[in-house]
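Everything on this sheet refers to the single structure shown next.
2 protein chains.
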Amino acid sequence: MKTIPTLLISILISTSAFSQINTLMPVPASVTPQTGKFNLNSTFSVSVSGNPDPRLTKAIHRFLKRLSKKTTLTFDPDTVIKSNENTTFTLSVDRPGLVRLGEDESYALSISPSAISLSAPTDLGALHGLETLYQLIERDGSGFFFRSVQIKDQPRFPWRGLMLDVCRHFFKVETVKRQLDAMALVKLNVLHLHLSEDQGFSIESKTFPKLHELGSNGNYFTQDQIRDIIAYAADRGIRVMPEFDIPGHTTSWMTGYPELASAPGFIKPEKRFGIFGSTMNPAKPETYTFLDQFFAEMCALFPDEYMHIGGDENNGEQWDANQEIQKFKSENNLKTNHDLQAYFNLKILDILTKNGKKMMGWDEIYQPTLPKNIVIHSWRGRDYMDDAAKAGFQSVLSNGFYIDLFHSAAEHYQNDPIPTGTKLTDDEKSRILGGEATQWAELVDEETLDMRIWPRTAAIAERLWSSGSVINVDDMYRRLPEISLRLEEIGLNLVTNRDVMMRRLAGSDTISDLRNFLNAVEPQEGYKRHSIKPGYTTFSPFSRGVDIALSDAPDVISASLLVNSMIKSGNRNPDKKLFELAEIWISSKKKLTRMAENNIAIKELLPVSNQVSELGRLFKSLLEKYKSGKTLTKQELQKIEAEVKLRTKPVAELEPAMGSVILTLAKKMTPGR
Amino acid sequence: MKTIPTLLISILISTSAFSQINTLMPVPASVTPQTGKFNLNSTFSVSVSGNPDPRLTKAIHRFLKRLSKKTTLTFDPDTVIKSNENTTFTLSVDRPGLVRLGEDESYALSISPSAISLSAPTDLGALHGLETLYQLIERDGSGFFFRSVQIKDQPRFPWRGLMLDVCRHFFKVETVKRQLDAMALVKLNVLHLHLSEDQGFSIESKTFPKLHELGSNGNYFTQDQIRDIIAYAADRGIRVMPEFDIPGHTTSWMTGYPELASAPGFIKPEKRFGIFGSTMNPAKPETYTFLDQFFAEMCALFPDEYMHIGGDENNGEQWDANQEIQKFKSENNLKTNHDLQAYFNLKILDILTKNGKKMMGWDEIYQPTLPKNIVIHSWRGRDYMDDAAKAGFQSVLSNGFYIDLFHSAAEHYQNDPIPTGTKLTDDEKSRILGGEATQWAELVDEETLDMRIWPRTAAIAERLWSSGSVINVDDMYRRLPEISLRLEEIGLNLVTNRDVMMRRLAGSDTISDLRNFLNAVEPQEGYKRHSIKPGYTTFSPFSRGVDIALSDAPDVISASLLVNSMIKSGNRNPDKKLFELAEIWISSKKKLTRMAENNIAIKELLPVSNQVSELGRLFKSLLEKYKSGKTLTKQELQKIEAEVKLRTKPVAELEPAMGSVILTLAKKMTPGR
C-alpha cells in the first residue's frame with residue numbers, strides 16, 4: 014500500500030470505515046495504513062535500545078498505566094519492560110533530547126501484526142510517538158488492538174506553545190501540570206507562564222520577597238513548585254518560558270517596591286481588569302539595579318534559554334506626567350515614549366545577555382536596533398510578524414490564537430503562521446518559529462480553565478505541528494470530540510466541570526434541559542463581555558450560563574457537520590438528528606421558563622432562550638422544505654437573513670450559535686446564488 | 014415556635030415541603046424553624062467580633078467565594094466584610110480555638126428575615142456554623158435566601174475522623190486537601206494519615222532519607238508538603254494525626270534499612286496485598302536507637318498531641334524463626350509474641366512520651382499495664398473497645414467504619430460507638446471518644462478515591478456528630494444525594510469521575526446503558542474481591558465495571574425509598590418510576606450484550622447483566638401484582654426468595670443490588686408473615 018499524502022487523509026477519513034488512525038490529532042506528516050492489526054494482550058512487552066534520556070523510562074511507565082486503565086488489563090512495568098530487545102514493542106533512540114528550541118522531535122512508528130517499533134533520533138521524538146500510539150488504541154468484541162500502520166512524523170514549526178496567565182487568576186500546581194499533560198498529548202512543546210501582572214505577582218522571589226508577599230494576595234508559586242513544574246514539563250519534552258511583563262502592567266510590583274514606579278499610589282494589587290498605566294521608572298538607575306538582581310535570580314531559576322519581558326500596552330501616561338522622566342528623555346535625546354521604552358529594553362537586554370538568556374517580548378518591543386537573536390511575539394497583528402521576519406528577526410504568532418476571546422476552533426485553525434500565498438521568502442519564512450495559544454485569565458478560573466483551553470488548543474496544536482495542507486475544518490471538528498475524550502482520560506475536567514457547573518446553576522442533578530440550551534449558544538466574542546457587563550473583577554464568580562457555554566456550541570457543530578455533509582452528498586433527506594436538534598431548540602424557551610420559575614439564576618437566560626426557540630422554528634421549517642425539494646426565492650432568503658441577524662443579537666453575554674448553519678442551508682436552497 | 018427534638022426532625026422532614034433545613038447533614042443538635050426568610054442580595058455584609066483565630070477570616074473568604082459561585086452574585090470580601098458590627102451577618106467568637114482533642118466546637122446560628130448571627134465560644138464552632146449556613150442556601154424565582162431558623166449545635170463525640178492509607182496507593186497533596194474540604198463540610202475533625210506500610214513509605218525523613226528514597230517508589234510527601242497539609246487542615250479545624258505502623262507492615266522500612274528487620278530479604282517495597290510478615294527486630298538495641306531518632310523527627314513535624322503507632326497484624330512468624338529473638342524473649346521472661354510486642358510498645362511509649370506525645374494504636378496494642386492516657390483504636394471488633402473502656406482506657410471505633418470494604422452507607426450509619434442498650438457506665442462511655450472511617454487503599458486510586466470515601470463518610474460523620482436518636486436510614490439516604498451535590502460544588506469528583514470512567518470503559522461518550530446497569534449493581538463486600546480475582550497489585554488498573562459500581566447502587570436506593578414509602582403509606586399504586594426502573598433492569602442484558610459485541614471490556618459484565626434482567630422481570634411482576642391488589646402465598650414467597658438468592662450470586666466481583674427491595678415488597682405482599 015502506498016503512502017497517502019496528508020492532504021488526502023482527511024478526505025479518506027470521512028468516507029472510510031471508522032479507524033483510530035483517522036482520528037489522530039495532530040495529523041502526522043505521513044501515514045501509511047497497512048493490513049492487519051497488533052493484538053494487545055498479556056504477551057505485550059517493551060524494550061528500549063540506544064541512548065535516550067531517563068525521561069523516556071518514566072514516559073513508558075505513564076504509557077503503561079494509561080494502557081492498563083484503558084484496557085482494564087494489567088501492564089506491570091516490572092514484567093512488561095524487558096532488558097533485552099526480544100519484545101513485541103521496541104523503542105530505539107539515538108541520543109538524549111535537549112528540551113530547547115529547535116531540537117529534533119521527529120519519530121517513526123511502525124505497527125505490524127507481530128510487532129510495534131518506534132524509533133527516533135531523540136527521546137523527545139519518542140515521547141511524541143508514544144502519544145500517537147496512545148491515540149491509536151482500538152477495541153472490538155475480542156480484544157484491544159492497534160491497526161497496522163507506518164507513520165513518519167515531525168513538526169512543521171519548532172515553537173508550539175500555550176501561554177498561561179497565572180496572575181489575573183492564579184492556578185494551582187496540579188492545574189498547571191494538567192495543562193502540561195494535555196499539551197504533551199497534542200505535541201505542544203512550550204509552556205509560557207505569564208508570571209507578573211497588575212493583578213498579581215505569582216512567583217516567589219527570594220531576592221525581593223515583598224514582590225510575592227505583598228503583590229500576590231497569597232497566590233504564588235514557590236521556587237520549589239516552579240522547579241517541580243519545570244521538571245514535570247521537561248519529562249514531557251516541554252520548555253517552560255517565564256514572562257515578567259515590564260515596564261507596564263506592573264501594579265503588583267509597586268505594592269512592595271513603590272520606588273520602582275513612575276507615579277505613586279499603588280497600595281495593593283489591582284482587582285479590576287484593563288490597562289491601568291502603572292509603569293516602571295526608566296529614568297532611575299535604581300530601577301536597573303533592582304532588575305539586574307531580580308533577573309539574575311529568575312534567569313538562574315528557569316533553565317530555558319529565553320526570557321520573555323512582556324513590554325505590551327505601556328500607554329505612557331505616567332511617563333508623560335513625571336517631570337523627572339521628561340527631563341531624562343530630553344537629556345538622552347529620546348524623542349518618544351517608544352524611544353524611551355527602547356532604551357529601557359536595551360538595558361534589560363544587557364542584563365539578560367549577561368545571564369545567558371535571549372530576549373523575547375510582545376511586538377511593541379520591536380525596534381530595528383535590537384540584536385537579531387531576540388524573538389518578537391506578535392499579538393497585535395500578523396503584520397508585525399512579517400515585518401520582523403523581513404528585518405531579520407525571529408517571531409512567534411499569537412495574534413489569532415487568543416483563546417481567551419471565545420472565538421471558534423475553526424477561526425484559530427485557519428490562522429496559519431505562514432499562510433498559503435505569503436509573499437515572504439524562504440529565508441524570511443524560516444524565521445517564523447511557530448505560535449502560541451494565549452489564555453489570558455480575566456474571565457477564567459480553576460473551575461473553567463480546562464474547558465476554556467481545551468479542546469480548541471488541540472486545533473491550534475495541529476495547525477502548528479501538521480502540514481499546512483491539513484485544512485479541512487469539518488474534519489477537524491469531527492476529530493475534536495475524540496481528543497476531548499482522550500484529554501479527560503488523562504485527567505482533564507473539560508467535559509465534567511460543565512456538568513458540575515450546570516448542576517450548581519440548576520440547583521439540581523437534572524440538567525438535560527439546561528444542557529440542551531447551553532449546547533446551542535456561545536459566549537460573545539472578543540472583549541465584548543467586558544463592555545456588556547462592566548465591572549468584572551478577580552472576585553467575580555464564573556458560574557453563570559455564559560461561563561458554561563462554549564466557543565464551539567457542541568450541538569451546533571454537530572448540526573453544521575450534518576448539514577455540510579448532506580449538501581455535499583446531495584442527499585435530500587436530512588438526518589433525523591437534525592430534526593431532533595430543531596425540536597430541542599424550539600423547546601428552549603418553554604423549558605428555561607419553567608426552570609426560571611424556581612431559579613433566579615436562570616432568569617437572565619430567558620431572552621436568549623427565546624431567540625434559540627425562534628431560530629429552531631426557522632431551522633425546522635427550512636429542513637422540511639429542503640426535504641420536500643422546495644427552493645427559496647432570493648426574497649425569501651433575504652427575509653431569512655434578516656431574521657437570523659435579528660435573532661442572533663447577543664443577550665446576557667451570549668448569542669445563539671445556529672445562525673450560520675441556517676444560512677448555509679438557506680443559501681443552498683436558493684437557486685441562482 | 015418550639016424547639017423540635019432531633020428525633021422528630023427526620024420524621025418532619027419526610028412529610029413537610031422541601032426546605033434546605035431538612036437536608037442538613039449532619040443533623041444539628043437542635044433546630045427550630047421560624048417563619049420568614051433572609052434574602053441574599055447585594056446588601057449582604059459580614060462582620061466579626063470577639064477574639065477568633067485568624068483562620069476565621071480565611072474561612073469567611075472561602076464562604077463568600079462559594080456563595081458567589083452558587084448565587085452568581087459577586088460578594089467581594091473588600092466590600093462585604095466590614096470592620097463595624099452594623100452588618101446583616103454578624104459573627105461573634107469568644108476566643109481562638111485550639112485544634113486539638115476536646116476543644117469546644119459548639120455554635121449557635123440564628124437566621125431571621127433581617128439578620129443572620131453566628132456565635133461560638135471558639136472559631137472552630139464558627140467554622141461549623143459557616144458550613145451549616147452554606148448547606149442552607151435556597152433559591153426561588155425571585156432570589157437566593159436562607160429560611161429563618163434557630164440552630165444550636167455541638168458534636169456528640171469529640172473524635173470524628175477519616176483515616177487515609179497513602180501507602181497502598183499514594184495520593185497527591187491536592188487530593189488530600191480535597192478530602193479535608195469535604196471533611197470540613199460534614200464537620201469531621203481528624204485526618205489520620207497512614208504513612209508507612211509494606212507497599213510504601215510515604216513521607217520524607219531527613220534523619221533517615223533512605224526510608225522515602227528507597228521505600229516509596231518516588232511517591233511521598235515532602236516535609237514542606239506535610240506542613241502545608243497540616244496548615245490547610247488547621248484552617249478548617251481539623252487535626253492531622255500521623256501513623257507509623259510498627260513493628261509489622263514494615264517492608265518499606267527494610268528496603269533502605271535492612272538492619273531493622275527480623276529476617277533478611279526485603280529488596281523493594283511490596284506491590285502485592287496481604288500480610289507479609291515483615292517485622293522489626295525488637296531484640297536489638299539499635300532498633301530503638303533508630304526509632305528514637307525517627308520519632309523525634311516526626312513528633313516535631315506533626316503538632317498533634319497523638320502519635321499512632323499502628324501495631325496491627327504482626328503474625329510473629331519472623332520472630333519465631335529468629336534465634337536471637339527467641340533468646341531475647343527467654344532472657345527477658347517474655348512468654349508470648351504478644352508479650353514481646355508489649356515490651357516493644359513500652360519502649361516506643363517512652364520515646365513518644367519524651368517527645369511530648371500520647372500514644373495511639375490498633376487494638377492489638379492493648380495491654381492493661383499501659384498508662385491510661387493512650388488511645389485504643391478498635392478495628393477487630395467493638396468488644397475490644399468496650400473492654401478498653403472498662404479497664405479505664407480511651408478508645409476510638411473503626412470496626413464497622415471500614416469504608417474500603419464496600420459496605421452500604423446504611424450499615425455504617427447504624428454502627429453506633431455507644432449503641433442503645435449498652436451496658437457501659439456513664440464513666441466508661443465517656444472514654445469512648447468517637448470513631449474514624451478508614452479508607453485502606455488496596456483497591457482505590459487517585460481517580461476513584463473521592464467516590465469511594467464519599468458520600469458514605471457523610472453518613473458516618475452524622476453518626477459521630479448528631480444525637481444517637483437520629484437513626485432513620487431512609488431519611489439519611491434521602492439527604493445523601495444533596496450532600497453529594499454540595500461536595501462536588503466544592504471540588505470533589507465523586508460524581509463526575511464515574512462519568513469519565515464509564516466513557517473510557519464504553520470507549521464512547523454514549524454511556525446511558527452502561528450507567529443504568531452500573532447504577533443497579535454493587536461491588537462484592539468485605540475482602541471477597543481479593544479472593545474472587547487474586548493477584549491485585551499496586552499496578553492493577555481500577556477502571557473496570559466493579560470500580561465504577563458503588564456500595565449503594567443509586568437506582569436501587571431510589572427504588573428502596575419508593576417501595577418503603579409506598580408500603581408505609583398503604584398506597585396500592587406504585588410510583589411510575591418503579592416500573593421504569595424495572596424496565597431498565599430488564600433491558601440490561603440486551604443493552605450490554607450489544608455493547609460487548611464491539612467492546613471486550615464489557616464482556617465480563619454480561620453474566621451479571623443477565624441476573625439484573627431476571628431480577629428486573631421478577632420485580633416488575635411483583636409490582637403489577639401489588640398494584641392489582643394480589644397477595645402471595647407462603648410458597649410463592651419461598652420461590653421468590655430462592656430466585657433472589659440464585660440471582661444475586663456475585664459475578665465479576667459484582668452483585669445485583671435489588672434483591673432486598675424485591676424481598677421487602679414480596680414479604681409485604683404475603684399475608685401472615
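Here the protein sequences come in this chain order: Z and F.
Count along the first sequence starting at 1, add 13, and that's the number in our numbering.
Count along the second sequence starting at 1, add 13, and that's the number in our numbering.
Beta carbons: idealized from backbone N, C-alpha and C, even for Gly.
These numbers come from a predicted model, not from an experiment.
Spatial neighbours of residue i within its chain, please: CB distance less than 7 Å, with the 5 preceding and 5 following residues excluded, ordered by chain position.
{"i": "ASN586/Z", "result": "LYS640"}
{"i": "GLN167/F", "result": "ALA42, GLU118, SER119"}
{"i": "GLU5/F", "result": "Outside the displayed range of chain F (14 to 686) lies residue 5/F, so it cannot be described from this structure."}
{"i": "ASN532/Z", "result": "ALA566, PRO567, ASP568"}
{"i": "GLU217/Z", "result": "HIS225, TYR233, PHE234, THR235, GLN236"}
{"i": "ASN368/F", "result": "PHE308, ALA309, CYS312"}
{"i": "LEU493/F", "result": "ALA422, PRO468, ALA471, ALA472"}
Can you look up residue i in the DSSP assignment and give me helix, strand or coil?
{"i": "ALA614/Z", "result": "helix"}
{"i": "SER265/Z", "result": "helix"}
{"i": "ASN52/F", "result": "strand"}
{"i": "HIS420/F", "result": "coil"}
{"i": "ILE150/Z", "result": "coil"}
{"i": "GLU666/F", "result": "coil"}
{"i": "SER743/F", "result": "Absent from the structure is residue 743/F, since the part of chain F shown begins at 14 and ends at 686."}
{"i": "TYR379/F", "result": "coil"}
Who are the near neighbours of residue i in its chain, counting only those whose CB is closer than 8 Å to its CB and skipping five residues on each side?
{"i": "LEU676/Z", "result": "ILE653, GLU654, VAL657"}
{"i": "ASP439/F", "result": "none"}
{"i": "LEU631/Z", "result": "ILE653, GLU656, VAL657, ARG660, ILE675"}
{"i": "LEU69/Z", "result": "VAL61, LEU104, VAL106, ASP136, ALA139, LEU140"}
Could you check which residue in the options has the C-alpha nearest to that of residue i?
{"i": "ALA670/Z", "options": "GLU627/Z, LEU645/Z, GLY685/Z", "result": "GLU627/Z"}
{"i": "SER159/F", "options": "LEU365/F, THR188/F, ALA72/F, THR101/F", "result": "Residue 159/F is actually Phe in this sequence, not Ser. Nearest of LEU365/F, THR188/F, ALA72/F, THR101/F to PHE159/F, Cα basis: THR101/F."}
{"i": "GLY434/Z", "options": "GLY481/Z, GLN407/Z, LEU636/Z, PHE419/Z", "result": "GLY481/Z"}
{"i": "TRP172/F", "options": "PRO271/F, THR92/F, ALA474/F, GLN33/F", "result": "ALA474/F"}
{"i": "MET267/Z", "options": "PHE234/Z, LEU224/Z, VAL59/Z", "result": "LEU224/Z"}
{"i": "MET372/Z", "options": "VAL179/Z, TYR356/Z, ASN386/Z", "result": "ASN386/Z"}
{"i": "GLY2/F", "options": "LYS82/F, ASN346/F, SER161/F, ASP258/F", "result": "With chain F covering 14 to 686 only, the question about residue 2/F has no answer from this structure."}
{"i": "THR752/F", "options": "ALA355/F, TYR356/F, PRO384/F, GLN354/F", "result": "Given a span of 14 to 686 for chain F in the structure shown, any question on residue 752/F remains unanswerable."}
{"i": "ASN99/F", "options": "PRO67/F, ILE338/F, SER58/F", "result": "SER58/F"}
{"i": "PHE279/F", "options": "ILE243/F, ALA572/F, GLY228/F", "result": "GLY228/F"}
Name the one or two DSSP bridge partners that residue i has.
{"i": "VAL409/F", "result": "HIS390/F, GLY447/F"}
{"i": "ILE94/Z", "result": "VAL59/Z"}
{"i": "ALA133/F", "result": "VAL106/F"}
{"i": "ASP178/F", "result": "HIS207/F"}
{"i": "TYR319/F", "result": "LYS371/F"}
{"i": "MET254/Z", "result": "HIS205/Z"}
Under 6 Å Cβ to Cβ from residue i, same chain only, skipping five residues before and after it: list those, please.
{"i": "GLY138/F", "result": "GLU118, SER119, TYR120"}
Is there a C-beta anywhere in chain C that falls below 8 Å from the one on residue i?
{"i": "ASP522/Z", "result": "Going by chain labels, chain C is absent from the structure shown, which instead holds the protein chains Z and F."}
Subject >> Residues, ordered as in the chain, of the stretch 445 to 474 of chain F that lie near chain Z by beta-carbon distance below 7 Å >> reply: none
Subject >> Against chain Z: residues of the stretch 63 to 79 of chain F by CB proximity under 7 Å >> reply: none
**OP:** May I ask you to list, following chain order, the residues of the stretch 602 to 630 of chain Z that have a beta carbon less than 8 Å from some beta carbon of chain F?
**Re:** Against chain F - using a Cβ distance shorter than 8 Å - the residues of the stretch 602 to 630 of chain Z are ALA609, GLU610, ASN611, ASN612, ILE613, ALA614, LYS616.
**OP:** Residues of the stretch 490 to 513 of chain Z with a CB closer than 9 Å to any CB of chain F: list them in chain order, please.
**Re:** PRO494, SER497, LEU498, GLU501, GLU502, GLY504, ASN506, VAL508, THR509, ASN510, ASP512, VAL513
Original post:
Which residues, taken in chain order from the stretch 144 to 164 of chain F, show a beta carbon closer than 8 Å to some beta carbon of chain Z?
Top reply: ARG152, ASP153, GLY154, SER155, GLY156, PHE157
Subject >> Residues in the stretch 554 to 567 of chain F having any Cβ partner in chain Z nearer than 7 Å >> reply: PRO554, SER556, ARG557
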